[in-house]
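In the working numbering, the protein residues as written are 730 to 855.
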């Protein structure tokens, strides 16, 4: 089993320049004393220090690993779940964030705002 703390690489096409852009990415679990736990997907464009963090806070109808779900899992109450450790899922989040112009960080964003689009894309891809 590999280290959950390592940085992984993801190459995506940059629609503006037509060339591949490489992002370093990782998934972390964040504990809080003043609120729910969260899963955090971090994307850093290679060669920069600007990191975009997509934060998935647990809450009513929003589930993150807290003893029931495995590491990296985020789910909505109606049964839709995604695994943030899967490169295809990360690619879908990077694509969705890129289409909205959100990858120019640094920023900490609500990952749930992108969840429906990514879940629909993953379901369509089979």
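No residue lacks a Cβ here, since even glycine has one placed at the ideal position from N, Cα and C.
Values in this document were obtained by computation on a predicted structure and should not be read as measured data.
Using CA coordinates, which residue listed in the options is at the minimum distance from residue i?
i           : options            : result
residue 768 : 742, 778, 802      : 802
residue 755 : 749, 761, 812      : 812
residue 849 : 781, 808, 783      : 808
residue 825 : 836, 835, 840, 815 : 840
residue 815 : 853, 770, 789, 805 : 770
With residue i as the anchor, note down where its beta strand (DSSP E) starts and where it stops.
i           : result
residue 750 : 748–759
residue 839 : 836–839
residue 736 : Residue 736 -> no beta strand (DSSP E), and no H or E assigned at all.
residue 805 : 802–805
In the DSSP assignment, find the unbroken alpha helix (DSSP H) run with residue i in it and report its ends.
i           : result
residue 768 : Not the alpha helix (DSSP H): residue 768 falls in the beta strand (DSSP E), residues 767–774.
residue 784 : From DSSP, residue 784 is part of no alpha helix (DSSP H) but of the beta strand (DSSP E) over 780–786.
residue 853 : 844–854
Quick one: using the 10 Å Cβ neighbour count with 16 as the cut-off for buried, is residue i buried or exposed?
i           : result
residue 773 : buried
residue 829 : exposed
residue 847 : buried
residue 799 : exposed
residue 835 : exposed
For residue i, name the three-state secondary structure that DSSP assigns.
i           : result
residue 730 : Because residue 730 carries a pLDDT of 40, less than 50, the predicted location of this residue cannot be relied on, and the following value inherits that uncertainty. Looking at residue 730 - three-state DSSP - the assignment turns out to be coil, as it is neither helix nor strand.
residue 795 : coil
residue 815 : coil
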